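Novice: Mind looking over this structure? Questions follow.
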Amino acid sequence: MTAYRIRHNAGRLLIHLTLAVGSVFMLIPFFWLLSSSLKAPHEIYVFPPKWIPDPVRWSNYREVFEVVAVARYTANTMIVTIFSTVGVIISSSMAAYSFARLRFKGRDIVFGLILSTVMLPYVVTMIPVYILFTRLGWIGTYLPLIVPDWFGGPITIFLLRQFFRTIPLELEDAARIDGASRPRIFAQIILPLARPALTVVLVLSLLYNWNDFLAPLIYLHKRDMFTLALGLNALQHFESGLDWTHYVMVLATLMVLPVIIVYFLAQRAFVEGIVLTGLKG
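Under this note's numbering, the first residue of the sequence shown is numbered 7, with each subsequent residue one higher.
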């Protein structure tokens with residue numbers, strides 16, 4: 007028994023050490039980004055890199071607010087992210103509940119068609135969708151970035167449908183016996199039980215919309231409407247005679263930090279939701 011326990015503990019230690027080493031390698035780019043944001047421009051290109059800035063230039067974080075409209079870009083990004091995320095959660099949860107619980111002719115065919123859209127690359131639909139938004143007069147506004155999310159997404163609908171199918175039917179049957187309607191069952195029983203899956207959708211939508219660069223690049227033309235991703239890109243083209251690399255690193259760090267905070271706050275529910283959505287087909 008003692009030998010078995012020793013082998014078992016040694017195996018667990020080896021697994022943890024391997025994961026720890028892998029984690030360090032995964033975090034190296036972030037550590038380099040954080041370190042570079044506290045350096046002078048010429049120190050960023052030094053090889054081998056200096057991981058600890060000397061001296062530490064905390065003034066970079068103050069100066070970037072003077073050079074770039076960080077507050078404005080952040081507010082714009084939050085507008086797009088919040089409204090898009092709310093739209094995805096509402097529309098995807100309603101569609102997923104319909105596919106998981108309601109019986110109607112052609113249900114599985116429609117669900118298959120929705121999932122098949124995942125195989126279409128964005129570049130295939132980019133021009134037709136741009137023409138559509140042009141005809142609607144939405145170019146130069148946030149509507150092309152927000153409105154499509156209010157019609158659900160194939161991945162989020164799939165994840166929520168899988169989770170809804172794990173909820174016992176007996177709960178809904180008991181609620182219907184008590185006189186509850188479908189909307190009430192959905193709002194007061196299904197959604198509270200689906201909190202882990204909704205957290206997954208929330209985190210995925212937040213990450214996608216916060217970091218999205220291509221869609222804002224296509225549809226937004228005025229600088230005062232730029233998101234953080236566009237502001238970061240524009241910063242690289244300011245006054246070509248000057249080196250703005252340290253400010254780029256600062257803005258990139260400020261852009262990454264909210265993502266890290268959101269993930270760590272929702273980590274447990276996120277992992278639980280990912281696990282549970284794959285339990286039942």
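All C-beta atoms in this analysis are idealised placements derived from N, C-alpha and C, irrespective of residue type, glycine included. These figures come from a predicted structure and were not determined experimentally.
Considering only residues of the same chain and omitting the five flanking positions on each side of VAL209, which have a CB-CB separation below 7 Å?
Specialist: Only VAL268, TYR269, ALA272 and PHE276 meet the Cβ criterion.
Novice: Please classify GLY287 as buried or exposed, where buried requires at least 16 neighbouring CB atoms within 10 angstroms.
Specialist: With a pLDDT of 44 at GLY287, under the threshold of 50, the modelled position of this residue cannot be trusted; read the value that follows with caution. By the 10 Å Cβ count, GLY287 comes out exposed.
Novice: Check whether the region 201-218 and the region 94-110 are in contact - that is, three or more C-beta pairs closer than 8 Å.
Specialist: Short answer: they touch.
Novice: Do you know whose CA, among PRO160, ASN215, GLU178 and ILE145, lies nearest THR91's CA?
Specialist: Answer by Cα proximity: ASN215.
Novice: Taking the continuous alpha helix (DSSP H) assigned at TRP216, which residues delimit it?
Specialist: TRP216 -> alpha helix (DSSP H) spans 201-217.
Novice: TYR2: buried (16+ other C-beta within 10 angstroms of its C-beta) or exposed?
Specialist: Outside the displayed range of the chain (7 to 287) lies residue 2, so it cannot be described from this structure.
Novice: With a CB to CB cut of under 8 Å and the five nearest residues on each side skipped, what residues in its chain are close to TYR253?
Specialist: Within the same chain, TYR253 has close Cβ partners ASN66, GLU69, VAL70, VAL73, VAL74 and LEU241.
Novice: Anyone know if the C-beta pair for PRO222 and LEU236 falls short of 7 Å?
Specialist: Yes, the pair counts as a contact, with Cβ atoms nearer than the cut-off.
Novice: In chain order, what residues of the same chain lie with their CB nearer than 6 Å to the CB of PRO150, ignoring the 5 residues before and after it?
Specialist: Only PHE139, TRP144 and TYR225 meet the Cβ criterion.
Novice: Compute every distance between the C-beta of PHE139 and the non-hydrogen atoms of the ligand MG, then say whether any falls below 6 Å.
Specialist: In the structure shown, the ligand MG is absent, as is every other ligand, since no ligand is present at all.
Novice: Using only the alpha-carbon positions, how far apart do LEU126 and ARG141 sit?
Specialist: If you take the alpha carbons of LEU126 and ARG141, they lie about 23 Å apart.
Novice: Under a three-way DSSP split, which group does ALA9 fall into?
Specialist: It is helical.
Novice: Among ARG18, LEU19, LEU121 and LYS228, which has the Cα closest to the Cα of ILE161?
Specialist: Of the listed residues, the one whose Cα sits closest to ILE161 is LEU121.
Novice: Rounded to a whole number of angstroms, what is the C-alpha to C-alpha distance between GLY17 and ALA26?
Specialist: The alpha-carbon atoms of GLY17 and ALA26 are separated by roughly 14 Å.
Novice: Can you tell me whether ILE293 is buried or exposed, with buried defined as 16 or more other CB within 10 angstroms of its CB?
Specialist: As shown, the chain starts at 7 and ends at 287. That puts residue 293 outside it, with no answer to give.
Novice: Over what stretch of residues does the alpha helix (DSSP H) that includes PHE139 continue unbroken?
Specialist: Here the alpha helix (DSSP H) through PHE139 covers 128-142.
Novice: Within its chain, find whatever has a CB closer than 7 Å to the CB of THR233; leave out the 5 residues flanking it on each side and keep chain order.
Specialist: For THR233, where only same-chain residues beyond five positions count, the Cβ hits under 7 Å are TYR79, ASN82, THR83, VAL86 and PRO222.
Novice: Would you mind reading off the limits of the alpha helix (DSSP H) that contains ASP114?
Specialist: Unbroken alpha helix (DSSP H) run through ASP114: 113-122.
Novice: When you compare only the Cα positions, how much space is there between ALA77 and ILE12?
Specialist: C-alpha separation (whole angstroms): 56 Å.
Novice: So the candidates are PRO61, ARG63 and TRP38; which of them puts its Cα closest to the Cα of PRO54?
Specialist: Checked all of PRO61, ARG63 and TRP38; the closest Cα to PRO54 is TRP38.
Novice: DSSP three-state label for ASP230, please.
Specialist: Of the three classes helix, strand and coil, the one that applies to ASP230 here is helix, per DSSP.
Novice: By the DSSP assignment, the alpha helix (DSSP H) with MET261 in it spans what residues?
Specialist: Unbroken alpha helix (DSSP H) run through MET261: 251-271.
Novice: Output the distance between the C-alpha atoms of ARG190 and LEU23, rounded to the nearest integer angstrom.
Specialist: Taking the straight line from one Cα to the other gives about 49 Å.
Novice: Given a cut-off of 7 Å on the beta-carbon distance, is the pair VAL256 and SER43 in contact?
Specialist: Yes, they are a contact pair.
Novice: Please list, in chain order, all residues of the same chain as THR123 whose beta carbon is under 6 Å from its beta carbon, the five residues on each side excluded.
Specialist: Only PRO160 meet the Cβ criterion.
Novice: For ARG274, which residues from the same chain have a beta carbon less than 8 Å from its beta carbon, with the 5 sequence-adjacent residues on both sides left out?
Specialist: Once the five neighbours on either side are set aside, ARG274 has no close Cβ partner at all.
Novice: Here's a check: name, in chain order, each residue in its chain whose Cβ is nearer than 7 Å to the Cβ of LEU212, leaving out the five neighbours to either side.
Specialist: For LEU212, where only same-chain residues beyond five positions count, the Cβ hits under 7 Å are THR87, THR91 and VAL268.
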